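Undergrad:
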Amino acid sequence: MKYDVVVVGAGPAGCVTARFAAENGAKVLIIERRSEVGVPVLCGEGISRKIDEWDMLEGDRWIAGRMDGARIYSPDGTMVKLSADLAGNETGYVVYRDIFDQELARRAVKAGVKIMMNTMAIGLLKDNDKITGVKAKQFDEEVDIEADLVVGTDGVESKIGQWAGIETRLNPKDLETCAQYTLTNVECTDAYCDFYLGREIAPGGYIWVFPKGKDTANVGIGILASLSESGMAKQLLDRFIANDPRFKNSEPIRFLAGAAPVANPVETVRDNLILVGDAARHVDAITGGGLTCCLEGGKIAGETIGKAVEEQDFSKEMLSAYETGWKEAFGKKLKRNYLVKEIMLDFDDKTLNMLADSLKDYKFEGISTLRLIKALVLKHPTLLMKLRHLMKVSKEAKE
Ligand SMILES: Cc1cc2nc3c(=O)[nH]c(=O)nc-3n(C[C@H](O)[C@H](O)[C@H](O)COP(=O)(O)OP(=O)(O)OC[C@H]3O[C@@H](n4cnc5c(N)ncnc54)[C@H](O)[C@@H]3O)c2cc1C
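When we follow this note's numbering, the leftmost residue of the sequence shown carries the number 1143, and every step to the right adds one.
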């Protein structure tokens, strides 16, 4: 088996990278260890409407609901509202993640991409030190897949980077442990995504309630692994659900447990290798959301791969256009939000209540972590000093 590109993982990052690589002339194979793309769903299924700008998905089968805004609740119940009347297009969707992923896969296949399901990468093929493809297992059979370029889109548990010598291991303080129920027969009256903060509620993270169509909602929790013990995420979530009258008559129709990286991005290119999506740690460290980066980063990666195939040059220098591209598109945001996450870890419940109180009447003109940070800094300039200090320290540490 010989391809220009083998992509490991048919999640959003893999499908989008593969599609744009194929549209730009590459012969691409995706291998996927699961037996169905997008299943089981491991996601809160919230995404910004920014994706409308990128022509990634056709039709609206993947949309479970269009959101009118977001509400953030501090531990004492003070609410900060970011609403659609002011935010215009900057609100979000709640999606059906299985259909969402399958739509992205369909677009990739339409562009000429081949997919092998039930096929798990178990190592890299190398000629001396040069990466020449992937060793995989399909059911019980081992297969060697030769390729000029390997793309690691194998998610939070990514091995591809490690096999290539990139440090991708996650420190517990950079990993969110998550649990989520999809509950039905809930009493959610409007199309708002709700977020609940607090040390007691969700240490180092938050609880979310995302309405998903009629009477149904994703109710989930993410807590920092360094601040939690085994089973704690589910216990805290169960307590929250038991105490909220909206869920009094509800029953679960799905339960999931998973993890999200809330780390700084890793090195994303080597000779004959690219990492995209969660595998690259391209996740907003404040929210744990990674879908927009998968789509935006995947497109940049795919276009870079097209040029590499055209010039038959798979060197790190050639592929670095991808690293430059994602840094321009969302690198600054990831770096800033990682530092804000670090600052927020020091906030006790009293501070969170005070911050929420200072923002409760603020008129947000958009819904994004940046708008929220800007408003916080406006009200509390010392936060900016802290952020600047951390940026300086992290720059010095890198140098
Ligand atoms: C509970 C939870 C809630 C979340 N909620 C949100 C949200 O609301 N909004 C948001 O934007 N983000 C959310 N995220 C994060 C989001 O799900 C990820 O950022 C996104 O799925 C990353 O996409 P990906 O393509 O990089 O990886 P994945 O979607 O994880 O896809 C990786 C694929 O690679 C396959 N794979 C792995 N190893 C191998 C191998 N060795 N061989 C072959 N295949 C392999 C896997 O089976 C999988 O299909 C959430 C995460 C969790 C855990």
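Here a beta-carbon is modelled for each residue, glycine too, at the ideal position from N, C-alpha and C.
As the structure is a computational prediction, the values presented were derived from the model and not from experiment.
Answer yes or no: the CB of G1444 versus the heavy atoms of ligand 1, is any distance below 7 Å?
TA: As a first step, residue 1444 must be located in the sequence shown, where it is residue number 302. Outside the cutoff, so no.
Undergrad: Would a C-beta distance cut-off of 8 Å place V1293 and V1147 closer than the cut-off?
TA: Counting from 1 along the sequence shown, the entry for residue 1293 is found at position 151. Counting from 1 along the sequence shown, the entry for residue 1147 is found at position 5. Contact flag set, yes.
Undergrad: Rounded to whole angstroms, how far is the Cβ of T1287 from the Cβ of L1366, which I believe are closer than 8 Å?
TA: Here residue 1287 refers to the residue found at position 145 when the sequence shown is read from its first residue. Here residue 1366 refers to the residue found at position 224 when the sequence shown is read from its first residue. Correcting the residue type first, residue 1287 is Ile in the shown sequence and not Thr. So it is not a contact: roughly 37 Å between Cβ atoms.
Undergrad: Taking the alpha helix (DSSP H) that Y1504 belongs to, which residues open and close that run?
TA: Counting from 1 along the sequence shown, the entry for residue 1504 is found at position 362. Segment: none, Y1504 is in no alpha helix (DSSP H) and carries neither H nor E.
Undergrad: Is any heavy atom of ligand 1 found at a distance shorter than 7 Å from the C-beta of I1416?
TA: Start at 1 with the first residue of the sequence shown, and residue 1416 comes out as number 274. No, Cβ of I1416 sits at least 7 Å from all heavy atoms of ligand 1.
Undergrad: L1501 and K1516: beta carbons closer than 8 Å?
TA: By one-based count along the sequence shown, residue 1501 stands at place 359. By one-based count along the sequence shown, residue 1516 stands at place 374. No, the pair does not count as a contact, with Cβ atoms beyond the cut-off.
Undergrad: Are there 16 or more other CB atoms within 10 angstroms of the CB of W1196, so buried, or fewer, so exposed?
TA: Taking the first residue of the sequence shown as position 1, residue 1196 is located at position 54. With fewer than 16 Cβ atoms within 10 Å of its Cβ, W1196 is classed as exposed.
Undergrad: Where does S1216 sit, in a helix, a strand or coil, going by DSSP?
TA: In the sequence shown, the residue the question calls residue 1216 occupies position 74. S1216 falls in the coil class under three-state DSSP.
Undergrad: Taking the straight line between their C-alpha atoms, what separation do you get for G1254 and M1262?
TA: Working through the sequence shown from its first residue, we reach residue 1254 at position 112. Working through the sequence shown from its first residue, we reach residue 1262 at position 120. Rounded to whole angstroms, G1254 to M1262 spans 21 Å at the Cα level.
Undergrad: With DSSP run on the structure shown, which of helix, strand or coil describes W1350?
TA: The residue labelled residue 1350 in the question sits at position 208 within the sequence shown. It is a strand residue.
Undergrad: Who are the near neighbours of E1438 in its chain, counting only those whose CB is closer than 8 Å to its CB and skipping five residues on each side?
TA: Taking the first residue of the sequence shown as 1, we reach residue 1438 at position 296. Cβ neighbours of E1438 beyond the five flanking positions: W1196, W1468, A1471, F1472.
Undergrad: Using the three-state DSSP reduction, which class does F1489 fall into: helix, strand or coil?
TA: For the purposes of this step, residue 1489 is identified with residue 347 of the sequence shown, where counting begins at 1. Looking at F1489 - three-state DSSP - the assignment turns out to be coil, as it is neither helix nor strand.
Undergrad: Cα separation between N1166 and A1160?
TA: Reading the sequence shown from its first residue, position 24 is the one you call residue 1166. Reading the sequence shown from its first residue, position 18 is the one you call residue 1160. Their Cα atoms are separated by approximately 10 Å.
Undergrad: Just mark A1421 as buried or exposed, buried being the case when its beta carbon has 16 or more other beta carbons within 10 Å.
TA: Position 279 of the sequence shown, counted from the first residue, corresponds to residue 1421. By the 10 Å Cβ count, A1421 comes out buried.
Undergrad: Three or more beta-carbon pairs under 8 Å between the stretch 1450 to 1470 and the stretch 1342 to 1358, yes or no?
TA: In short, these stretches do not touch, since the Cβ pair count stays below three.
Undergrad: Measure the CB-CB distance between G1364 and G1419 and report whether it falls below 8 Å.
TA: The count along the sequence shown starts at 1 and reaches residue 1364 at position 222. The count along the sequence shown starts at 1 and reaches residue 1419 at position 277. No, Cβ-Cβ distance for G1364 and G1419 is not below 8 Å.
Undergrad: Can you check which of these residues, M1258, E1284, K1279, T1324, is closest to L1184 by C-alpha distance?
TA: Taking the first residue of the sequence shown as 1, we reach residue 1184 at position 42. Looking at the Cα atoms, T1324 is the closest of the given residues.
Undergrad: Indicate the three-state DSSP secondary structure (helix, strand or coil) for V1293 in the structure shown.
TA: One-based indexing of the sequence shown puts residue 1293 at position 151. DSSP places V1293 in strand when its eight states are reduced to three.
Undergrad: Report all residues from its chain with a CB closer than 7 Å to the CB of V1179; omit the five preceding and five following residues, and keep chain order.
TA: Taking the sequence shown and counting its residues from 1, one reaches residue 1179 at position 37. Excluding positions up to five away in sequence, the list reads A1152, D1243, Q1244, A1247.
Undergrad: Taking the straight line between their C-alpha atoms, what separation do you get for T1548 and G1303?
TA: Residue 1548 lies beyond the residue range present for the chain, which begins at 1143 and ends at 1541; the question has no answer from this structure.
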